[in-house]
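Asks:
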Amino acid sequence: MKTLKFFALATAAISLYSCKPKPLNIDIKQEAPVLTISSATPDNHTVLVSAGYSINSLVRLNDGSNSSVKIPKEMLLKDGLLTLTKDGGPTDTLYEISDGLYGNTRVNLEHLARYTINVYESGKGLIGSAVTTYQQLPDVQYAEPQIDRRKGDTTVSVTVGISNIAPDDYYFISYNTTANARKQSPNAKMDVSTLASFTPKQLVLISGSEVNHGKIDKRVEMSVNTCDTLMVQTAKVDRAYFDYLTAYKRSGALINQLTGEPINMPSNVVKGFGFFSLFAPDRKVFYLKNY
Numbered sequence: 069m070k071t072l073k074f075f076a077l078a079t080a081a082i083s084l085y086s087c088k089p090k091p092l093n094i095d096i097k098q099e100a101p102v103l104t105i106s107s108a109t110p111d112n113h114t115v116l117v118s119a120g121y122s123i124n125s126l127v128r129l130n131d132g133s134n135s136s137v138k139i140p141k142e143m144l145l146k147d148g149l150l151t152l153t154k155d156g157g158p159t160d161t162l163y164e165i166s167d168g169l170y171g172n173t174r175v176n177l178e179h180l181a182r183y184t185i186n187v188y189e190s191g192k193g194l195i196g197s198a199v200t201t202y203q204q205l206p207d208v209q210y211a212e213p214q215i216d217r218r219k220g221d222t223t224v225s226v227t228v229g230i231s232n233i234a235p236d237d238y239y240f241i242s243y244n245t246t247a248n249a250r251k252q253s254p255n256a257k258m259d260v261s262t263l264a265s266f267t268p269k270q271l272v273l274i275s276g277s278e279v280n281h282g283k284i285d286k287r288v289e290m291s292v293n294t295c296d297t298l299m300v301q302t303a304k305v306d307r308a309y310f311d312y313l314t315a316y317k318r319s320g321a322l323i324n325q326l327t328g329e330p331i332n333m334p335s336n337v338v339k340g341f342g343f344f345s346l347f348a349p350d351r352k353v354f355y356l357k358n359y
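One rule links them: number in our numbering = place in the sequence shown (from 1) + 68.
See the structure below:
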């Protein structure tokens with residue numbers, strides 16, 4: 069349980085932040101800063117939102133760097149006011165955990181309810197908002213790891229079985245390891261520079277339209293060590309966020325959502341960039357040395 073809790077916080081989200089390898093040597097016209105937000109829901113009582121100011125920054129997809137993201141403090145939203153409101157329900161305040169990171173661990177998220185996030189920044193007079201629906205837990209029947217040991221070529225994969233999939237449903241599968249998470253967050257300190265994340269090649273997208281008889285068995289090969297502790301996360305998302313993740317993978321670049329201008333990327337943020345999404349992920353942890 070302790071390992072799962074660490075993973076849930078360290079990888080909370082899959083879409084909060086991307087690793088930041090070396091930038092491309094290109095000149096992009098600097099624009100006036102606007103708000104950029106992203107979100108994560110480790111459980112149905114916790115909402116985390118990152119908030120900052122966008123700048124133009126693209127990085128290479130296949131750079132192998134795993135170094136921690138170092139985000140300039142001036143690009144992080146400090147002393148902002150963030151509120152989360154359920155349609156027809158209460159409003160919860162998200163409190164500042166650290167520069168750029170806001171959260172509340174006493175929210176009561178309800179499946180299929182609509183929520184609005186409002187972000188206020190008084191210094192620059194910026195206001196942003198977004199609306200989303202809290203997606204329910206996917207019906208994951210099993211997740212089974214397999215290690216194929218061959219001389220000079222060992223592969224690790226996990227087959228995930230999902231049931232009750234409708235043609236208009238959308239899902240993603242992602243993964244992380246404790247080794248990578250601790251590189252990103254060696255002291256388990258909760259701030260925007262240490263929350264671990266995924267790269268596009270650690271993300272598999274599934275559309276219900278490609279599924280037969282409402283079930284799928286998806287085999288995902290993973291770039292991990294056979295001694296790693298592995299967490300596999302499966303989530304049901306709405307079409308808008310699915311389109312965002314699809315564009316993210318097709319971009320050929322990692323886009324740091326907090327400090328990078330998401331050029332040509334879909335967004336549901338009014339007067340801002342990024343994406344606000346709420347979903348209940350299924351997480352399974354595997355100790356690969358036992359397989």
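For glycine and all other residues, C-beta sits at the position ideal for the given N, C-alpha and C.
Does DSSP put Met49 in a helix, a strand or coil?
Replies: Because the chain spans 69 through 359 in this model, residue 49 falls outside it and cannot be assessed.
Asks: Touching or not, the stretch 185-197 and the stretch 218-235, by the rule of three or more beta carbon pairs under 8 Å?
Replies: Cβ pair count under 8 Å is below three, so no.
Asks: Is it right to say Phe347 is buried, meaning 16 or more other beta carbons lie within 10 angstroms of its own, or is it exposed?
Replies: As a working mapping, residue 347 is identified with position 279 in the sequence shown. Phe347 is buried by the Cβ-count criterion.
Asks: Starting from the C-beta of Tyr163, find all residues in its chain whose C-beta is less than 7 Å away, skip the five residues before and the five after it, and write them out in chain order.
Replies: Against the sequence shown, residue 163 aligns to sequence position 95. Result list for Tyr163: Tyr170, Gly171 and Asn172, in chain order.
Asks: Pull up the distance between the alpha-carbon of Leu271 and that of Val305, whole angstroms please.
Replies: Within the sequence shown, numbered from 1, the residue matching residue 271 stands at position 203. Within the sequence shown, numbered from 1, the residue matching residue 305 stands at position 237. Leu271 and Val305: Cα-Cα distance of roughly 13 Å.
Asks: Pull up the distance between the alpha-carbon of Tyr238 and that of Ala303, whole angstroms please.
Replies: If you number the sequence shown from 1, residue 238 lands on position 170. If you number the sequence shown from 1, residue 303 lands on position 235. Roughly 9 Å between the two C-alpha positions.
Asks: Mapping DSSP to helix, strand and coil, what is Asn358?
Replies: What you label residue 358 is simply residue 290 of the sequence shown in a count that begins at 1. Asn358 carries a helical assignment under DSSP once its states are collapsed to helix, strand and coil.
Asks: With burial defined as no fewer than 16 other Cβ atoms inside 10 Å of the residue's Cβ, what is the status of Asn387: buried or exposed?
Replies: With the chain represented from 69 up to 359, any question about residue 387 goes unanswered, as that position is not in the structure.
Asks: To the nearest angstrom, how far is it from the Cα of Leu126 to the Cα of Ser277?
Replies: On the sequence shown, position 58 is the one that residue 126 refers to. On the sequence shown, position 209 is the one that residue 277 refers to. Note that Leu126 has pLDDT 30, beneath the 50 cutoff, so the model's placement of it is unreliable and no number is given.
Asks: Since I believe Thr109 is in contact with Leu152 (beta carbons under 8 Å), could you give me their beta-carbon distance rounded to a whole number of angstroms?
Replies: Numbered from its first residue, the sequence shown carries residue 152 at position 84. Numbered from its first residue, the sequence shown carries residue 109 at position 41. 11 Å between Cβ atoms; not a contact.
Asks: Report the rounded CA-to-CA distance for Asn293 versus Val353, giving the unit in angstroms.
Replies: Along the sequence shown, read from residue 1 onward, the residue named residue 293 stands at position 225. Along the sequence shown, read from residue 1 onward, the residue named residue 353 stands at position 285. Answer to the nearest angstrom: the Cα atoms are 14 Å apart.
Asks: Under 7 Å Cβ to Cβ from Gly340, same chain only, skipping five residues before and after it: list those, please.
Replies: Position 272 of the sequence shown, counted from the first residue, corresponds to residue 340. In its chain, beyond the 5 residues on either side, Val102, Leu103, Thr104, Ile105 and Gly196 have a beta carbon closer than 7 Å to the beta carbon of Gly340.
Asks: Rounded to whole angstroms, what is the Cα-Cα separation between Gly193 and Asp147?
Replies: On the sequence shown, residue 193 is found 125 positions in, with the first residue counted as 1. On the sequence shown, residue 147 is found 79 positions in, with the first residue counted as 1. Gly193 and Asp147: Cα-Cα distance of roughly 13 Å.
Asks: Is the beta carbon of Gly168 less than 8 Å from the beta carbon of Ser122?
Replies: Here residue 168 refers to the residue found at position 100 when the sequence shown is read from its first residue. Here residue 122 refers to the residue found at position 54 when the sequence shown is read from its first residue. No; because the gap between Cβ atoms is not below 8 Å, this pair is not in contact.
Asks: Assuming contact is defined by CB atoms lying nearer than 8 Å, are Tyr316 and Met299 in contact in what I supplied?
Replies: For the purposes of this step, residue 316 is taken as the residue at position 248 of the sequence shown. For the purposes of this step, residue 299 is taken as the residue at position 231 of the sequence shown. It is not a contact, given that the beta carbons lie outside the stated cut-off.
Asks: Under 8 Å, do Ala247 and Asp296 count as touching if we go by C-beta distance?
Replies: The count along the sequence shown starts at 1 and reaches residue 247 at position 179. The count along the sequence shown starts at 1 and reaches residue 296 at position 228. A contact, by the Cβ cut-off of 8 Å.
Asks: What three-state label does DSSP hand Gly229 in the structure shown?
Replies: Residue 229 sits at position 161 when you count from the first residue of the sequence shown. Three-state DSSP puts Gly229 in a strand.
Asks: With distances taken Cα to Cα, identify the nearest neighbour of Tyr183 among Asn336, Thr245 and Asp285.
Replies: Numbered from its first residue, the sequence shown carries residue 183 at position 115. The option with the nearest alpha carbon to Tyr183 is Asn336.
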